[in-house]
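Per the working numbering: the sequence shown = residues 11 to 174.
Even for Gly, the Cβ is constructed at its ideal location relative to N, Cα and C.
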Amino acid sequence: MAGQCRAHATASCRPRGVRDIHLSPDGKRLAVSISATGNLDIWVYEWERDALARLTSTPGFDHRSVWTPDGKHIVFTSVRHGGVANLYWMRADGAGEAVRLTESKYVQFPYSFSPDGKRLAFDELIPKPIGTSGRSLWKTWRATIRSRASPSLSFRRQVCRGSQ
Numbered sequence: 011m012a013g014q015c016r017a018h019a020t021a022s023c024r025p026r027g028v029r030d031i032h033l034s035p036d037g038k039r040l041a042v043s044i045s046a047t048g049n050l051d052i053w054v055y056e057w058e059r060d061a062l063a064r065l066t067s068t069p070g071f072d073h074r075s076v077w078t079p080d081g082k083h084i085v086f087t088s089v090r091h092g093g094v095a096n097l098y099w100m101r102a103d104g105a106g107e108a109v110r111l112t113e114s115k116y117v118q119f120p121y122s123f124s125p126d127g128k129r130l131a132f133d134e135l136i137p138k139p140i141g142t143s144g145r146s147l148w149k150t151w152r153a154t155i156r157s158r159a160s161p162s163l164s165f166r167r168q169v170c171r172g173s174q
């Protein structure tokens with residue numbers, strides 16, 4: 011993956027910033043965030059084919075990807091709807107569009123799925139009020155994925171609080 015990369019073998023690029031590297035559950039692919047065009051997008055690298063495919067190409071940041079246990083989907087953070095980083099669901103093969111999972115005025119980051127893929131743990135950052143000496147607050151949530159065909163979250167439950 012070092013040096014030149016290919017997006018479906020149509021264009022070459024020199025990635026300026028590779029971050030958020032996550033190995034797929036079967037160990038055959040990597041989900042990475044790459045800043046190749048001035049914004050941050052999600053790409054999937056396949057070891058066996060030595061191929062790098064771009065999954066997202068929206069303005070802004072798409073990053074912090076997490077694989078579902080079956081390796082068929084990725085949940086990630088994106089600012090595509092209004093500038094606040096919320097959670098999105100997308101097929102790992104790039105088919106279809108990303109589906110918005112959350113609508114919050116606070117920044118959210120996915121962390122992990124339960125082994126059966128039915129629950130997702132994620133954090134939400136609530137900034138300290140401007141002009142106060144307080145601290146920002148991190149809330150950790152657990153949510154249930156209702157359906158893989160038409161994903162949405164239900165029963166969001168706060169499981170932890172902490173300050174920064």
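Looking at the secondary structure, which residues open and close the beta strand (DSSP E) in which Thr-87 lies? Boundaries of the beta strand (DSSP E) around Thr-87: 83-88.
Exposed or buried, Asp-72, counting other C-beta atoms within 10 Å across all chains shown (16 or more means buried)? Result: buried.
Which partner residues does Tyr-55 have in the DSSP bridge list? Note: Tyr-55 sits in a beta bridge opposite Leu-40, Leu-62.
Which residue wins for smallest C-alpha separation from Leu-130, given the options Lys-82, Trp-77, Arg-101? Answer by Cα proximity: Trp-77.
On the premise that Phe-86 lies in contact with Pro-120, defined as a C-beta separation below 8 Å, what is that separation, rounded to the nearest angstrom? Their Cβ separation, rounded to whole angstroms, is 7 Å, which keeps Pro-120 and Phe-86 in contact under 8 Å.
Alpha carbon to alpha carbon, how far is Arg-156 from Thr-20? Give it in angstroms, no decimals. Unreliable placement is indicated for Thr-20, whose pLDDT of 33 sits below 50; no coordinate value is reported for it.
Applying the 10 Å Cβ sphere with the 16-neighbour rule, what's the burial state of Trp-99? By the Cβ-count criterion, Trp-99 is buried, with 16 or more other Cβ atoms from all chains shown falling within 10 Å of its own Cβ.
Identify whether Ser-122 lies in helix, strand or coil by the three-state DSSP scheme. Of the three classes helix, strand and coil, the one that applies to Ser-122 here is strand, per DSSP.
May I ask which residues mark the beginning and end of the beta strand (DSSP E) holding Ser-75? For Ser-75, the enclosing beta strand (DSSP E) has its first and last residue at 72-77.
Identify the continuous beta strand (DSSP E) that holds Glu-134 and give its terminal residues. Taken as a continuous stretch (DSSP letters only), the beta strand (DSSP E) holding Glu-134 covers 129-136.
Measuring straight from C-alpha to C-alpha, what distance separates His-32 and Ile-84? Cα to Cα, the separation comes out at about 10 Å.
Classify Trp-57 as buried or exposed, calling it buried when 16 or more other Cβ atoms lie within 10 Å of its own Cβ. So Trp-57 counts as exposed.
Hey, how far is the Cα of Ala-102 from the Cα of Ser-75? In this model, Ala-102 and Ser-75 are separated by some 10 Å (Cα to Cα).
Note the first and the last residue of the continuous beta strand (DSSP E) segment covering Gly-27. That run of the beta strand (DSSP E) goes 27-33.
Whole angstroms is fine: what's the gap from Ser-22's alpha carbon to Ser-34's? For Ser-22, the predicted model reports a pLDDT of 45, less than 50, meaning its position is unreliable; a value from the coordinates is still stated below. Ser-22 and Ser-34 have their C-alpha atoms spaced approximately 24 Å apart.
Measuring only the C-alpha atoms, how far is Ile-136 from Arg-110? Spanning the two alpha carbons is a distance of roughly 20 Å.
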